[in-house]
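Below is one structure, written out as structure tokens, with a few remarks after it.
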Ligand SMILES: NC(=O)c1ccc[n+]([C@@H]2O[C@H](COP(=O)([O-])OP(=O)(O)OC[C@H]3O[C@@H](n4cnc5c(N)ncnc54)[C@H](O)[C@@H]3O)[C@@H](O)[C@H]2O)c1
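Residue numbers (the working numbering): 3 to 247.
Structure, rendered in structure tokens:
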């Protein structure tokens with residue numbers, strides 16, 4: 003009998019931001035595929051069957067501790083999904099230093115540190131990385147300049163690191179969602195300014211009609227990019243934004 007390349011043996015999967023939204027759905031999906039899943043977050047509400055590890059992705063020591071715990075238990079990391087993130091919304095002139103630094107520490111430096119700490123374990127099994135960037139990391143988006151800059155950085159981190167790690171058969175890809183129905187978006191909607199220029203604000207809406215995108219839809223893209231079906235994909239920046247970009 004020939005081996006089916008689509009059937010993957012139990013993988014060790016790390017999902018950051020697994021306590022809510024896209025990260026929760028991603029951890030749940032991998033768990034459903036039979037993988038051993040570790041959910042790294044500052045909040046412990048990860049799905050059933052997922053091992054919670056307290057981790058602030060903005061702190062090197064915290065990242066080292068959590069990734070080290072996975073490495074000690076599994077000896078390998080087949081998939082690292084960097085989903086943890088925070089949003090920023092508002093006019094450019096209202097961005098404070100503290101807000102700029104917080105967004106960059108979590109959304110850009112976080113993945114830099116998790117990947118760096120995971121590298122020995124990714125090397126152990128030719129594992130792969132999926133970063134959750136954003137439509138704001140692909141095309142210009144007003145009123146989110148700190149966030150756009152961080153996600154643009156994450157998109158280029160993805161592409162550049164994919165090139166550097168390709169000789170080791172370690173793939174690095176990104177998915178760039180548009181608007182997803184999660185607490186992050188609900189928080190923005192609740193504080194939406196009313197004085198925005200409609201020509202700029204129009205860029206924030208999906209073109210395709212229909213219901214809001216569910217976190218599970220982005221999780222499915224992450225699982226695909228992490229799967230053997232995507233074995234020739236690295237440095238890919240997948241748009242999943244209903245035409246926003
Ligand atoms: N929701 C959207 O419309 C949308 C669109 C594009 C991209 N994204 C990206 O998707 C990712 C997930 O967003 P979401 O909408 O599911 O948000 P969410 O708020 O529902 O979930 C984010 C998770 O990240 C965790 N987190 C925040 N700071 C952390 C830290 N310092 N260390 C560890 N964990 C931390 C939170 O506790 C939470 O569980 C983010 O990177 C976000 O930028 C979301």
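The beta-carbon is built from N, C-alpha and C at its ideal position, and this holds for glycine as well.
Residue i beta carbon near ligand 1 (any heavy atom closer than 8 Å)
{"i": "residue 185", "result": "yes"}
{"i": "residue 179", "result": "yes"}
{"i": "residue 88", "result": "yes"}
{"i": "residue 58", "result": "yes"}
{"i": "residue 42", "result": "yes"}
{"i": "residue 153", "result": "yes"}
{"i": "residue 223", "result": "no"}
{"i": "residue 157", "result": "no"}
{"i": "residue 109", "result": "yes"}
{"i": "residue 117", "result": "no"}
{"i": "residue 247", "result": "no"}
{"i": "residue 207", "result": "no"}
{"i": "residue 217", "result": "yes"}
{"i": "residue 52", "result": "no"}
As assigned by DSSP and simplified to three states, the class of residue i
{"i": "residue 179", "result": "strand"}
{"i": "residue 105", "result": "helix"}
{"i": "residue 75", "result": "helix"}
{"i": "residue 118", "result": "helix"}
{"i": "residue 147", "result": "helix"}
{"i": "residue 251", "result": "What the structure shows of the chain is the stretch from 3 to 247, and residue 251 is not part of that stretch, so it cannot be assessed."}
{"i": "residue 110", "result": "helix"}
{"i": "residue 3", "result": "Unreliable placement is indicated for residue 3, whose pLDDT of 47 sits below 50; no coordinate value is reported for it."}
{"i": "residue 173", "result": "strand"}
{"i": "residue 129", "result": "coil"}
{"i": "residue 141", "result": "coil"}
{"i": "residue 21", "result": "coil"}
Supposed contact pair residue j and residue i - C-beta distance, whole angstroms, cut 8 Å
{"i": "residue 187", "j": "residue 81", "result": "That pair is no contact at about 25 Å."}
{"i": "residue 28", "j": "residue 85", "result": "6 Å"}
{"i": "residue 112", "j": "residue 60", "result": "6 Å"}
{"i": "residue 39", "j": "residue 52", "result": "5 Å"}
{"i": "residue 155", "j": "residue 205", "result": "Between residue 205 and residue 155 the Cβ distance is about 20 Å, and since that is not below 8 Å, they are no contact."}
{"i": "residue 179", "j": "residue 215", "result": "7 Å"}
{"i": "residue 142", "j": "residue 182", "result": "Contact doesn't hold; Cβ gap of about 20 Å is too wide."}
Reference residue i, options the options, closest by Cα
{"i": "residue 184", "options": "18, 13 and 22", "result": "22"}
{"i": "residue 133", "options": "160, 164, 218 and 149", "result": "160"}
{"i": "residue 173", "options": "227, 148, 199 and 122", "result": "227"}
{"i": "residue 197", "options": "236, 92 and 138", "result": "92"}
{"i": "residue 136", "options": "130, 126 and 147", "result": "147"}
{"i": "residue 71", "options": "100, 41, 125 and 192", "result": "41"}
In chain order, which alpha helix (DSSP H) runs of at least 4 residues are fully inside the stretch 185-237? 185-192, 200-203 and 217-228
Contained alpha helix (DSSP H) runs [length at least 4] in the stretch 23-97, N- to C-terminal order: 23-34 and 62-76
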